[in-house]
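Count along the sequence shown from 1, add 34, and you get the number used in this note's numbering.
Ideal Cβ positions, reconstructed from N, Cα and C, are used throughout, including at glycine.
In this text the structure is predicted, and so the values were computed from the model without any measurement.
Comments concern the structure below.
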Amino acid sequence: MSRIISITNQKGGVGKTTTSVNLSACLAEAGKKVLIVDLDPQGNTSTGLGIDKSKLKRTIYNVLLSEISLDKILLKTKQKNLTIAPANMDLSGSEIEFIGIENREYLLKQVLEKVRDDYDFIIVDCPPSLSMLTLNAMTACDTVLVPIQCEYYALEGLTQLMHTINLVKKRLNPELYIEGMIFTMFDARTNLSLQVVEEVKHHLKENVYKTIIPRNVRLGEAPSHGLPINLYDPNSKGTESYRLLAEEVIRNNV
């Protein structure tokens with residue numbers, strides 16, 4: 035059964051794109067057929083998978099506006115079984131472009147429903163905001179995966195995110211639920227990271243993944259080489275963590 039998962043957190047710098055890229059790559063490495071949709075105008079997911087944003091003539095932006103079909107923009111990545119629907123700054127104009135469109139919250143859903151049976155997983159990397167793009171992702175997906183940085187302000191904004199998810203579930207996507215929370219940038223040397231993990235588990239009754247993503251220099255280096263971590267450094271702690279996360283996601287979605 036195919037699964038559409040949006041990686042969402044309106045806070046920036048929590049490892050959302052890192053998780054989108056590397057979870058997708060490790061799912062593909064495990065033999066799953068994966069499509070990753072870059073829904074962030076910054077296009078960092080595209081860059082992180084070796085796509086030159088400046089040379090893109092058509093992106094997911096054009097697909098959402100029904101100017102072109104999805105298959106016309108899909109690009110293969112260096113990871114076998116992983117395809118990307120890329121984005122660039124053109125997507126930043128979508129909020130204005132969507133204003134006059136009827137049922138604009140369903141644009142991405144209409145696009146992905148046509149291809150979902152072609153993939154085992156479709157991963158959507160959302161922008162760091164609760165925007166119309168994020169609403170489109172939540173309306174289109176089956177579940178939401180929320181990366182949480184192990185820092186003092188980890189819980190800040192999560193209440194608003196939960197409220198938004200519940201609103202989408204109530205009004206736009208009754209089947210939506212939270213896939214789980216994934217802790218990122220964990221530093222075992224600090225008591226703070228351990229405290230954050232315990233605090234979030236205490237406050238949130240949602241599923242929390244057992245896998246915790248550590249702070250890892252190689253994870254930070256990989257995007258500049260246009261590679262997911264499993265291809266950049268197959269033996270790094272970052273690779274090991276995202277492979278374990280991929281295994282968990284696969285088990286959760288059997």
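- For Asp72, the pairing in a beta bridge is given by DSSP as Asp159.
- Taking Thr245 as reference, the option from Glu233, Gln113, Ala171, Gly272 with the minimal CA-CA separation is Gly272.
- In the three-state reduction of the DSSP assignment, Glu232 falls in the helix class.
- Here Ile133 is exposed. Its C-beta has fewer than 16 other C-beta atoms within 10 Å.
- With a contact defined as Cβ atoms closer than 8 Å, Leu109 and Thr117 qualify at about 7 Å.
- Every alpha helix (DSSP H) of 4 residues or more that sits fully in the segment 42 to 100 is shown, in chain order, as 50 to 63, 78 to 82, 94 to 98.
- In this structure, the straight-line span from the alpha carbon of Ile107 to that of Phe155 is close to 18 Å.
- If you compare the alpha carbons of Ile38, Ala62, Gln183 with that of Val149, the shortest gap goes to Ile38.
- Taken through DSSP and simplified to helix, strand or coil, Pro120 comes out as coil.
- At least 7 Å separates the beta-carbon of Leu57 from that of Tyr266.
- Ile199 counts as buried, since at least 16 other C-beta atoms from the protein chains shown sit within 10 angstroms of its C-beta.
- Ser40 is bridged by DSSP to Val158, Val178.
- Nearest Cα to Arg285 within the set Lys66, Gly49, Ser126: Lys66.
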